[in-house]
Structure formats: C-alpha cells, structure tokens
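In the numbering used here, the protein residues as written are 17 to 197. Right, one structure below, let's go through it.
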Amino acid sequence: MHRTLLLEQLNRYSVTCEQDQIFLTTTKNFVNNNSRCFERSLDTGHITGSAWIINSDRTKALLTLHRGINKWIQLGGHADGQTDMHLVSLREAQEESGLSSIKSLSKDIFDIDIHIIARMHKEPEHYHYDIRFLFEASNQEELVLSNESKDLAWIDIRELIDSGVDETIGRMCRKTLSMFK
Numbered sequence: 017m018h019r020t021l022l023l024e025q026l027n028r029y030s031v032t033c034e035q036d037q038i039f040l041t042t043t044k045n046f047v048n049n050n051s052r053c054f055e056r057s058l059d060t061g062h063i064t065g066s067a068w069i070i071n072s073d074r075t076k077a078l079l080t081l082h083r084g085i086n087k088w089i090q091l092g093g094h095a096d097g098q099t100d101m102h103l104v105s106l107r108e109a110q111e112e113s114g115l116s117s118i119k120s121l122s123k124d125i126f127d128i129d130i131h132i133i134a135r136m137h138k139e140p141e142h143y144h145y146d147i148r149f150l151f152e153a154s155n156q157e158e159l160v161l162s163n164e165s166k167d168l169a170w171i172d173i174r175e176l177i178d179s180g181v182d183e184t185i186g187r188m189c190r191k192t193l194s195m196f197k
C-alpha cells in the first residue's frame, strides 16, 4: 500500500499539545480514506510536505515570503504523487532556497498542520494536510529565490515568537526551542 510509510510515520508522531492531536487524528483519517491523498488532483485536499529549516546554532529558521499568499512561511509544496514526504520536503526546500547544505535532522515528522487554501485560478478551495520535517542548513550559504518566493530570510526564532507570528509558525518555533534547550 503506497500510504504505508506515511501512516507509519504518523503512528510514531509525538503529540505535544491538543492541536497536535486534532491534526494527527484528522490527517490519519484523511490518508486512510483517500487512496489519492498524494495527488493534487484530489480537489477536496491533499498531502503536502514542508521543511522547517534551522541554522546550525538552532537560533534561526529559514522562511519564504510566499508569492501566492504574501505571507512568511516555511518552505514546502505538493507531493504530486510522491509518497515519501520526507523526500518531498527536502526536494521542495532545495528547489525553493537553492541551498545545497540542507541536511535532515530526523526522518520522523516534526509537525503536522491542516490549513485551507482559498480558491485560486482553476483550483477550488481545498485543504492542505501538511507534513513537516526538521532540517538544518548553513545560514552563511547564499540563498537563491525561486519563482514561488518574493523573498527568503533567516529569522531569529525568539523574534518570530515575540512578533506574534501565526500559530503554525509559532508552534514550530516553540518545538525547536524545546528540543534544543
């Protein structure tokens, strides 16, 4: 079954708060009930992969000012049929940043988020079931903007929390600080 790897990763996921449990349960139900969950053509929603990239000092995270939604978010994108979400996350991170120094800190899921994507172009409103993995990269390496980004920046994790970023980024910041005390 092509969903086995993701379901195994979801079963190992460490829940840290009530919202985590809700996202985990909802995502597992979605994956179990949709054999095409990795396909963008599933217009009710689909699995996406994201990379939470921190620097080696674990003080900064790499974010993109996404061209489509005009918001600072982590790097990531559609699976387009690929079932290994860790590889999807890494591929998207490399494509969207130009970084060659990205290395995985774990193949276990770091965070899960579910968010609604507004109707855009020919795509109807739908959900992204976002599977996020933790990576590290050098914040000294030159960043290369992709056509999906208006900007890329290494941003201090504590400053992100203090700035009142949206909950999804704040949750990953708090998890990072908790992991690397």
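We put the CB at the ideal spot given by N, CA and C, even for glycine.
So, under 8 angstroms CB-CB, residue 69 and residue 151 are touching, yes? Tell me the CB distance rounded to an integer number of Å. As a first step, residue 69 must be located in the sequence shown, where it is residue number 53. As a first step, residue 151 must be located in the sequence shown, where it is residue number 135. The pair is a contact, with the Cβ atoms about 5 angstroms apart (cut-off 8 angstroms).
Near residue 90, what residues of its chain come up, given a Cβ to Cβ distance below 6 angstroms and the 5 sequence neighbours on each side ignored? Position 74 of the sequence shown holds residue 90. So the list reads 66 and 68, once near-sequence residues are dropped.
Please classify residue 148 as buried or exposed, where buried requires at least 16 other C-beta atoms within 10 Å of its C-beta. Counting from one through the sequence shown, the residue named residue 148 turns up at place 132. Counting Cβ neighbours within 10 Å, residue 148 comes out buried, since at least 16 surround it.
Taking Cβ positions, are residue 50 and residue 58 nearer each other than 8 angstroms? Looking up residue 50 in the sequence shown gives position 34. Looking up residue 58 in the sequence shown gives position 42. Yes, these two residues count as a Cβ contact at 8 angstroms.
Can you tell which of 98, 95, 130 and 77 has its C-alpha closest to the C-alpha of residue 88? Translated into the one-based positions of the sequence shown, residue 88 becomes position 72. Here the closest residue by C-alpha is 77.
Under 8 angstroms, with one C-beta from each stretch per pair, do the stretch 102-118 and the stretch 170-181 reach the 3-pair mark? no
Give the DSSP bridge partners of residue 67, in chain order. Reading the sequence shown from its first residue, position 51 is the one you call residue 67. Paired residue(s): 91 and 149.
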